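Reading through the structure tokens given below for one structure.
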Amino acid sequence: MDIDALRSFIAFVETGSFTRAAKQTHKTQSAVSMQMKRLEEELGKGLFEKEGRNLILSVQGRRLALYAKPILQLHDQTVAALKSPDIRPRLHLGCPDDYADSILPSIVKLLHGYLPKLDLQVTCASSYLIRVMLDSGELNAAIVTRLPDSDEGYLLTTDVGVWIGSEKFELTVQDPLPIILFQKDCKFHLAAIDGLMKQGRGYRLMASSSSATAIKGMVKQGIGLGVMAKLSAGSDSLIIESERLPPLPSIGIALVISSRAHSPFSAELAQQVVQGFSEMKIDR
Numbered sequence: 297m298d299i300d301a302l303r304s305f306i307a308f309v310e311t312g313s314f315t316r317a318a319k320q321t322h323k324t325q326s327a328v329s330m331q332m333k334r335l336e337e338e339l340g341k342g343l344f345e346k347e348g349r350n351l352i353l354s355v356q357g358r359r360l361a362l363y364a365k366p367i368l369q370l371h372d373q374t375v376a377a378l379k380s381p382d383i384r385p386r387l388h389l390g391c392p393d394d395y396a397d398s399i400l401p402s403i404v405k406l407l408h409g410y411l412p413k414l415d416l417q418v419t420c421a422s423s424y425l426i427r428v429m430l431d432s433g434e435l436n437a438a439i440v441t442r443l444p445d446s447d448e449g450y451l452l453t454t455d456v457g458v459w460i461g462s463e464k465f466e467l468t469v470q471d472p473l474p475i476i477l478f479q480k481d482c483k484f485h486l487a488a489i490d491g492l493m494k495q496g497r498g499y500r501l502m503a504s505s506s507s508a509t510a511i512k513g514m515v516k517q518g519i520g521l522g523v524m525a526k527l528s529a530g531s532d533s534l535i536i537e538s539e540r541l542p543p544l545p546s547i548g549i550a551l552v553i554s555s556r557a558h559s560p561f562s563a564e565l566a567q568q569v570v571q572g573f574s575e576m577k578i579d580r
């Protein structure tokens, strides 16, 4: 039995007119009349009879009306159930380690708010590896660093690089200056070294790492000064501001969707996440 025709039949039952039934179902009157004719042919019964100038339900029409609504309700419930499968949508999100403690938790919270059944996997790695995985489609989406004026992805926020140190470290007596940086794919790595060279200041790279936790740990032990985004440094880091240290550039932090991965991460969802993120308070 044609479900759409049955829906039009119920519209007639509720309105008492083909004209009003057509309006209720957003069809033309002739389309509704044709549906009713096919329904009568399928059932082999006349569903309507004339009463003066009006059409009313026949005995068989009234009998069909008793079953039609439950049939439609069961149909709609079945369709709704099949459109909401038990399989949880899977999403693989990438994030550089330096944003794992600041940006990432907020993004994860927002994603679960928009996709309650989400099966989320998070990979934290170097920015270089995150981009490789994003380009290959291994990641559905990623949090990345970009230039402030770039149009890559969906901008979450802007930030600036800072120097961090500890009370164990005396800046004035260190020559060459011991520094601890992220790996070369980090935008602050080259900026810090280039800035020191332009100042004519000697430096010694004590260590480079893809881990913000490792860098902050070494800095707290007084091994050297570190460089990272202010958001990554967090409130527990000692930010060093000195004319003896070169200024560091501003950056953009964006959410990028892989063009090669099929996932529930649509452009609409990305925009919702960005909007939600802008309304959240992030410790700086």
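With this note's numbering, letter number 48 in the sequence shown gets 344, and the count goes up by one each step, no holes. The beta-carbon is built from N, C-alpha and C at its ideal position, and this holds for glycine as well. Source: prediction; values computed, not measured.
Residue i, DSSP secondary structure in three states
i: Ser-422; result: coil
i: Phe-561; result: coil
i: Ile-535; result: strand
i: Lys-480; result: coil
i: Gln-356; result: helix
i: Arg-442; result: strand
i: Lys-365; result: helix
i: Asp-298; result: coil
i: Asp-455; result: strand
i: Ala-396; result: coil
i: Gln-373; result: helix
i: Gly-491; result: helix
i: Gln-417; result: strand
i: Gly-513; result: helix
i: Leu-473; result: strand
i: Leu-378; result: helix
i: Gly-530; result: coil
i: Gly-572; result: helix
i: Leu-430; result: helix
i: Leu-351; result: strand
i: Ile-551; result: The sequence shown places Leu at residue 551, not Ile. Three-state result, Leu-551: strand.
Boundaries of the beta strand (DSSP E) in which residue i is found, first to last residue
i: Glu-463; result: Note, Glu-463: premise wrong, no beta strand (DSSP E); not H, not E.
i: Ser-505; result: 499-505
i: Leu-387; result: 386-392
i: Lys-346; result: 344-347
i: Met-524; result: 521-525
Same chain, Cβ closer than 6 Å to residue i, neighbours up to 5 away in sequence not counted
i: Ala-315; result: Reading the sequence as shown, one finds Thr at residue 315 and not Ala. Closer than 6 Å at the Cβ level, and outside the excluded window around Thr-315, lie Gln-325.
i: Asp-393; result: Cys-420, Ser-506, Ser-507, Ala-508
i: Tyr-363; result: none
i: Gly-491; result: Pro-542
Continuous alpha helix (DSSP H) stretch holding residue i: start and end
i: Glu-338; result: 325-339
i: Pro-543; result: Segment: none, Pro-543 is in no alpha helix (DSSP H) and carries neither H nor E.
i: Pro-401; result: 399-410
i: Gln-320; result: 314-321
i: Met-576; result: Met-576 -> no alpha helix (DSSP H), and no H or E assigned at all.
For residue i, the nearest candidate out of the options (CA to CA)
i: Leu-541; options: Gly-572, Met-514, Ile-511, Gly-457; result: Gly-457
i: Glu-338; options: Glu-539, Gly-449, Ala-301, Leu-368; result: Ala-301
i: Glu-575; options: Leu-473, Asp-415, Thr-321, Ser-402; result: Ser-402
i: Ala-438; options: Leu-370, Ala-510, Asp-532, Val-569; result: Val-569
i: Leu-467; options: Glu-539, Ser-531, Leu-527; result: Glu-539
i: Lys-341; options: Ser-354, Met-330, Asn-350, Glu-310; result: Ser-354
i: Leu-534; options: Gly-520, Ile-549, Lys-494, Asp-431; result: Gly-520
i: Glu-587; options: Leu-400, Tyr-410, Lys-405, Gly-348; result: Given that the chain is displayed from residue 297 to residue 580, the structure contains no residue 587 and the question cannot be resolved.
i: Arg-442; options: Phe-484, Glu-347, Lys-365, Ile-352; result: Phe-484
i: Ala-525; options: Lys-464, Ile-352, Thr-453; result: Thr-453
i: Gln-470; options: Tyr-499, Ile-460, Asp-447; result: Tyr-499
i: Arg-384; options: Lys-365, His-408, Gln-356; result: His-408
Residues of its chain near residue i, where Cβ-Cβ distance is below 7 Å and the 5 sequence neighbours each way are ignored
i: Ala-503; result: Ile-476, Met-514
i: Lys-516; result: Ser-462
i: Arg-497; result: Leu-473
i: Ala-317; result: Ser-304, Ala-307, Phe-308, Thr-311, Val-328
i: Phe-465; result: Gly-518, Leu-521
i: Glu-448; result: Arg-442, Ala-550, Val-552
Contact with chain D by residue i, beta-carbon distance below 7 Å
i: Ile-306; result: The displayed structure is made up of one protein chain only, and chain D is not part of it.
Chain-order list of residues whose beta-carbon lies under 8 Å from that of residue i (same chain, five-residue window excluded)
i: Gln-567; result: Tyr-450
i: Leu-435; result: His-388, Leu-389, Gly-390, Thr-419, Ile-426, Met-429, Ser-554, Ala-557
i: Leu-368; result: Ile-299, Leu-302, Arg-303, Ile-306
Any non-hydrogen atom of the ligand SAM closer than 6 Å to residue i Cβ
i: Asp-481; result: For the structure depicted, the ligand SAM is absent and the ligand set is empty, with no information on it obtainable.
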